[in-house]
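Residue numbers (the numbering used here): 10 to 237. Scroll down for the structure; my scribbles are underneath it.
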Ligand SMILES: C[S@@+](CC[C@H](N)C(=O)[O-])C[C@H]1O[C@@H](n2cnc3c(N)ncnc32)[C@H](O)[C@@H]1O
């Protein structure tokens, strides 16, 4: 399949990830949460059972036989309800969960019966022993990633309904991948994972079903390396 964009070790494919299967070392992603987000080309209000099966199928497809790790952002409540385990591809185990502390709404809709979540887990699953490439000491080696609004997004990312903060994603990539790894984001949206990979000098592949989001991602990737 012809890439939508390719430059400096970063490749973007436009299409449904189920029809595209590039090889990678590590999958790092931020899937649709099935909470009714207004994506341009994806129904984010699927039947829950179908949604979990869909996600498991996509995770298995994206990891193939080759990826050693699968790391994804998700709603906290899903993790505590055992749904993270239900989405794991064959042979993967969950080894760690970091916290992205975002200070306000964090994907779990506030329904009035409990406080709203202000953080999201970042689930780290691996086939075999996980490889940690991050710092071994000091504040940067800690797994609670705190962001404030001002540090979160560049302007291009805001054309997507729910971009992740680039600094947070960059930290996650530096934990789970080495210089020689290729990272795959099968739900790349505005391309945050790809920009983070580029900043770290890693190769990365992104896929999105929306051509509009691929265009945003390509525009962001074609810009220079940003200061963290
Ligand atoms: C939560 S968003 C990712 C946002 C991204 N982390 C960012 O920072 O911009 C999930 C993305 O998955 C894409 N998507 C949904 N179904 C897909 C599919 N079957 N194949 C590829 N992409 C899909 C949506 O278009 C959406 O952009």
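Cβ atoms here follow ideal geometry from the backbone N, Cα and C, with glycine treated the same way.
Do you know how far the Cα of residue j is from the Cα of residue i?
i: residue 137; j: residue 78; result: 9 Å
i: residue 140; j: residue 65; result: 23 Å
i: residue 39; j: residue 173; result: 8 Å
i: residue 15; j: residue 51; result: 24 Å
i: residue 104; j: residue 131; result: 11 Å
i: residue 70; j: residue 144; result: 31 Å
i: residue 164; j: residue 212; result: 23 Å
i: residue 60; j: residue 94; result: 14 Å
i: residue 20; j: residue 90; result: 35 Å
i: residue 228; j: residue 98; result: 32 Å
i: residue 210; j: residue 123; result: 42 Å
i: residue 17; j: residue 150; result: 28 Å
i: residue 230; j: residue 142; result: 24 Å
i: residue 37; j: residue 80; result: 5 Å
i: residue 232; j: residue 167; result: 16 Å
i: residue 74; j: residue 48; result: 30 Å
i: residue 189; j: residue 153; result: 26 Å
i: residue 185; j: residue 207; result: 15 Å
i: residue 102; j: residue 162; result: 31 Å
i: residue 76; j: residue 148; result: 29 Å
CB-CB under 7 Å to residue i, same chain, minus the five flanking residues each way: which ones, in chain order?
i: residue 31; result: 193 and 214
i: residue 67; result: 26, 27 and 195
i: residue 169; result: 198, 199, 222 and 225
i: residue 29; result: 10, 22 and 216
i: residue 146; result: none
i: residue 218; result: 24, 25, 50 and 51
i: residue 183; result: 142, 143 and 209
i: residue 13; result: 21, 22, 23, 223 and 227
i: residue 87; result: 93
Which residues in the same chain as residue i place their Cβ atom closer than 8 Å to its Cβ, once the five residues preceding and following it in sequence are excluded?
i: residue 129; result: 82, 83, 84, 85, 108, 109, 111, 115 and 116
i: residue 100; result: 136
i: residue 46; result: 53, 170 and 171
i: residue 63; result: 55
i: residue 57; result: 43
Closer than 6 Å to a non-hydrogen atom of ligand 1 - does that hold for the CB of residue i?
i: residue 53; result: no
i: residue 68; result: no
i: residue 20; result: no
i: residue 56; result: no
i: residue 124; result: no
i: residue 199; result: yes
i: residue 12; result: no
i: residue 219; result: yes
i: residue 26; result: yes
i: residue 60; result: no
i: residue 131; result: no
i: residue 141; result: no
i: residue 41; result: yes
i: residue 207; result: no
i: residue 214; result: no
i: residue 173; result: yes
i: residue 196; result: yes
Using 6 Å as the cut-off, classify the Cβ of residue i as near or not near the heavy atoms of ligand 3, replying yes or no.
i: residue 169; result: This structure does not include ligand 3; its bound ligands are ligand 1.
Can you give me the Cβ contacts of residue i inside the same chain, cut-off strictly under 6 Å, excluding the 5 residues immediately before and after it?
i: residue 220; result: 23
i: residue 187; result: 142
i: residue 155; result: 110
i: residue 72; result: 36, 79 and 98
i: residue 106; result: 130 and 132
Touch test, the stretch 199-208 against the stretch 173-186, Cβ-Cβ under 8 Å, three pairs minimum
yes
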